[in-house]
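Remarks on the structure that follows.
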Amino acid sequence: MSKVIFDMSMSLDGYVKATGSTPEEPLGKGGDRLHEWAMDGGTGNAELLAATTAEGGAFIGGRRTYDDSLRWWGADGPTGPARLPLFVLTHRAPDDAPENGVYTFVTDGIESALRQAKETAGGKKVYVMGGPDVGSQFIRAGLVDQIGIHLVPVLFGGGARLVDHLGDGHVQLERVSVVDTPQAVHLLYDVVK
């Protein structure tokens, strides 16, 4: 059965996006700093990305992340040449999606996106990525098995938080692993159910 992992890069003060987001800088002013660990291929980082691609069967993300990232991803999506499917939560599918792209646009909610992603993943992991709102929805609905945080040594002082508005209850976590690299500390937690 596929594990569902909410996976995001985050600043030390809890932001997944800096302030001042524009179409040219979708992660806000200096927000690209959050993904430098994934781009430099340093020790530990490349292995972590390779494992994610090897263990992953499908990804789920939000429409804003799709719109903001498509110019870099192209038809191959966030996993590049691995071309793992990305289920995009949206109210309306775009008219100009890339031909032969890995994208499936889901307009009927997170449960439908998860069902489709699990069917496609064939028992491999399903990663919920890109979009704190999407991740919060999955956590509130109790659909997340693990939370992966790539903690980047930077303080933004403002922006979009990792999770907001979870309701009155607490979500209990248990540490699974910690991988320390110069560019980020990669944390993985089980969600206690």
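Going by my numbering, the sequence shown opens with residue 14, and the numbers climb by one from there.
Glycine residues also receive a C-beta, built at the ideal position from the N, C-alpha and C atoms.
Start and end of the beta strand (DSSP E) containing E187?
Going by DSSP, E187 is part of the beta strand (DSSP E) stretching over 186-193.
Please tell me whether V165 and L47 are closer than 8 Å, where the distance is taken between their beta carbons.
yes
Please determine if the segment 84-101 and the segment 119-133 are in contact, where contact requires at least 3 C-beta pairs separated by less than 8 Å.
Contact between the segment 84-101 and the segment 119-133 is present, because at least three Cβ pairs lie under 8 Å.
Closest Cα partner of G207 within the set P36, F72, T120:
The structure shown does not extend to residue 207, since the chain spans only 14 to 206, so no value can be given for it.
Who are the near neighbours of Y140 in its chain, counting only those whose CB is closer than 6 Å to its CB and skipping five residues on each side?
I18, D20, G69, F72
So, T189 versus L201, is the Cβ gap smaller than 8 Å?
Just to set this straight, residue 189 is Val in the shown sequence, not Thr. Yes. Within cutoff.
Quick check on L164: does DSSP put it in helix, strand or coil?
strand
Looking only at C-alpha atoms, which of I152, E112, G87, P145 sits nearest to Y28?
P145
Straight-line CA distance for A134 to D158?
In this structure, the CA atom of A134 is about 15 Å from the CA atom of D158.
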